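So the protein lines, in turn, are chains F and B. Last residue of the first sequence: 123 in the numbering used here, with the numbers rising by one and none dropped. Last residue of the second sequence: 387 in the numbering used here, with the numbers rising by one and none dropped.
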Amino acid sequence: MKLVEVTGTTGVVEISGVRRTTDLSLVAPVEPGQYVIVHAGFAIAVTDEEEARKSIELFEEMARGLEIEGEK
Amino acid sequence: MKYIEEFRNHAAAQALVREIHRISGGRRIRIMEVCGGHTMAIFKYGLPGLLPANIELISGPGCPVCVTSNSFIDHAIELAKDRGTLIATFGDLIRVPGSSSSLQKERGEGADVRICYSPLDALELAKQHPDRNVVFLGVGFETTAPTAAATIHRAAEQGRANFSMLTAFKTMPNAMKALLDGGEVALDAFLCPGHVSVITGTGIYEFIAREYRTPCVVSGFEPLDLLQSILKIIEQIAAGLAKVENQYTRAATLPGNPAAQKLLKEVFHESDADWRGIGTIPRSGLEISDEYARFDARKVFPVKLKPSRENPACICGSIMRGAKRPLDCPLFSKVCTPESPKGACMVSDEGSCATYYKYRRTP
Numbered sequence: 052m053k054l055v056e057v058t059g060t061t062g063v064v065e066i067s068g069v070r071r072t073t074d075l076s077l078v079a080p081v082e083p084g085q086y087v088i089v090h091a092g093f094a095i096a097v098t099d100e101e102e103a104r105k106s107i108e109l110f111e112e113m114a115r116g117l118e119i120e121g122e123k
Numbered sequence: 025m026k027y028i029e030e031f032r033n034h035a036a037a038q039a040l041v042r043e044i045h046r047i048s049g050g051r052r053i054r055i056m057e058v059c060g061g062h063t064m065a066i067f068k069y070g071l072p073g074l075l076p077a078n079i080e081l082i083s084g085p086g087c088p089v090c091v092t093s094n095s096f097i098d099h100a101i102e103l104a105k106d107r108g109t110l111i112a113t114f115g116d117l118i119r120v121p122g123s124s125s126s127l128q129k130e131r132g133e134g135a136d137v138r139i140c141y142s143p144l145d146a147l148e149l150a151k152q153h154p155d156r157n158v159v160f161l162g163v164g165f166e167t168t169a170p171t172a173a174a175t176i177h178r179a180a181e182q183g184r185a186n187f188s189m190l191t192a193f194k195t196m197p198n199a200m201k202a203l204l205d206g207g208e209v210a211l212d213a214f215l216c217p218g219h220v221s222v223i224t225g226t227g228i229y230e231f232i233a234r235e236y237r238t239p240c241v242v243s244g245f246e247p248l249d250l251l252q253s254i255l256k257i258i259e260q261i262a263a264g265l266a267k268v269e270n271q272y273t274r275a276a277t278l279p280g281n282p283a284a285q286k287l288l289k290e291v292f293h294e295s296d297a298d299w300r301g302i303g304t305i306p307r308s309g310l311e312i313s314d315e316y317a318r319f320d321a322r323k324v325f326p327v328k329l330k331p332s333r334e335n336p337a338c339i340c341g342s343i344m345r346g347a348k349r350p351l352d353c354p355l356f357s358k359v360c361t362p363e364s365p366k367g368a369c370m371v372s373d374e375g376s377c378a379t380y381y382k383y384r385r386t387p
């Protein structure tokens, strides 16, 4: 979920337009714009965007491989 | 939804499935998904229908509500009978049948049982109701335990005297070991829980990979995460390897979450724990430490409990061990349904029976 507000160790996260207050004490310091995983009202991890990008690129590559094969 | 949609790409899923087919080469491989969140995702995205028939996914003891013993439910019900007490709990626990009642039934008879999204909501209830004893029911695994620890820590800071927790937190590694030691189900590999690992770090499964020669892959919760993790397992097996791999690299790390680990260590200590269907597993639970005993409902409100009873026809225990499947149960979908559950596995969304019921296709 995207962190949209941070006030001390409390934040507001947003997903699909729904906003929810979240405790940030387990992941502080964090900044608005970062993505966090929320469990039982607490952010428990910050998404590593570099790692996410690497996974997504690998999947895109696999998908392209299949499409190219389909065109042959 | 960023970092969600990208992990649901159909063509990439097809490519992964094809690799799984190719590398497994018809060899029978039995993989236990330990986490209830994984069970839910596997059925929601119809993965059993995509995978070759030789790859078998077996649900493990990773649904928090399902593994909670009847004696815990009975204890909570006894506490709820005191009209000075307000019970706060995660939603699905209230529907779990105990030996002779459920929290929902007690609520119908006047007990004050509130549903919370977070343990912090329960602490807030304690602030709003200074004349009541607010008891939060804390169940779950390493993912949830730090949220309870943080809440107890905060209650101590606030000097909140009318707040306590009845806890039955459990830890995964020794439960996985107990299943392997039990030898009831032949398992080739574990799909390891992503959010447990976010907290603990991915190293907690090392002894399983090493001592039991069983591959362990920490997985995320989207369909591409799960398929890639299954592929990693199959690649390990094909290469004769047994190691811990992390597929969920965008969230789980080797060291885990240090702030959460520090709180866990401060507020809890390791203990033996009772698992529904498995029994007592050494060093597989967390108890509130002596320093925070004033927040431990077990110590603050001791109750005398009769020995707990299980519904003899319910096979939830065998299902939790991976020894049986929901369709093997004579009660399944006949007398036991999500609307009228007879066992814990049908109550929780993460329970195997509830998942089978909701997404039932030929397994």
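For every residue, glycine included, the Cβ atom is placed at its ideal position computed from N, Cα and C. Quick caveat, the model's predicted, so the values are computed rather than measured.
DSSP, reduced to helix, strand and coil, places asparagine 335(B) outside both helices and strands of the structure shown, so it counts as coil. In terms of Cβ geometry, leucine 248(B) and phenylalanine 31(B) form a close pair [threshold 8 Å].
Assigned with DSSP and collapsed to three states, arginine 70(F) falls in strand. Chain F places a beta carbon closer than 8 Å to that of alanine 174(B), counting this residue as a contact. Listed in chain order, the positions of the segment 33 to 46 of chain B with a beta carbon within less than 9 Å of a beta carbon of chain F are Asn33, His34, Ala35, Ala36, Ala37, Gln38, Ala39, Leu40, Arg42, Glu43. With fewer than three CB-CB distances shorter than 8 Å, the segment 106 to 123 of chain B does not count as touching the segment 74 to 84 of chain B. C-alpha of proline 143(B) to C-alpha of threonine 175(B): approximately 6 Å in a straight line. Segment contact: the segment 179 to 187 of chain B against the segment 220 to 237 of chain B, fewer than three CB-CB distances shorter than 8 Å; contact not assigned. C-alpha of glutamate 108(F) to C-alpha of glutamate 101(F): approximately 11 Å in a straight line. Contact note: methionine 25(B) reaches chain F through Ile66, Ser67, using a C-beta cutoff of 7 Å and chain order. Residues of chain F whose Cβ lies closer than 7 Å to the Cβ of arginine 274(B) are, in chain order, Thr98, Asp99, Glu102, Ala103, Ser106.
Annotated three-state conformation of glutamate 82(F) is coil, per DSSP. Within the segment 276 to 358 of chain B, the runs of beta strand (DSSP E) at least 3 residues long that lie entirely inside it are, in chain order, 292 to 299, 303 to 312. In this chain, the alpha helix (DSSP H) harbouring lysine 105(F) covers 100 to 122. For isoleucine 66(B), there is no enclosing beta strand (DSSP E); the enclosing alpha helix (DSSP H) has its first and last residue at 60 to 68. Proximity to alanine 146(B) across Ala213(B), Arg178(B), Glu130(B), Ile223(B) peaks at Arg178(B), based on C-alpha coordinates.
Contacts between threonine 63(B) and chain F, judged by CB atoms closer than 7 Å, are missing: the closest CB pair is about 17 Å apart. Cβ proximity to chain B below 8 Å picks out Ile66, Ser67, Asp74, Ser76, Leu77, Val78, Ala79, Tyr86, Ile88 from the segment 59 to 89 of chain F. According to DSSP, residue pairing for aspartate 136(B) in a beta bridge involves Leu110(B). Fewer than three Cβ pairs drawn from the segment 313 to 331 of chain B and the segment 342 to 355 of chain B lie within less than 8 Å of each other, which leaves the two stretches out of contact. Contact between the segment 198 to 217 of chain B and the segment 55 to 72 of chain B is established, with three or more Cβ pairs separated by less than 8 Å. Under the three-state reduction of DSSP, isoleucine 28(B) is assigned to coil, being neither helix nor strand. Taking a Cβ-Cβ cut-off of 7 Å, leucine 54(F) has no neighbours in chain B, whose nearest Cβ is about 12 Å from it. Taking 9 Å as the Cβ-Cβ cut-off, the segment 241 to 252 of chain B approaches chain F at Gly244, Leu248, Asp249, Gln252, given in chain order. By the Cβ rule, the segment 362 to 381 of chain B counts as touching the segment 89 to 96 of chain B, because three or more pairs are nearer than 8 Å. For asparagine 33(B), the secondary structure class from DSSP, reduced to helix, strand or coil, is coil. Under the DSSP assignment, asparagine 198(B) falls in the alpha helix (DSSP H) whose first and last residues are 197 to 206. Glutamate 30(B) reaches chain F at Ala103, Ser106, Ile107, Phe110, Glu111, counting residues in chain order whose Cβ is nearer than 9 Å.
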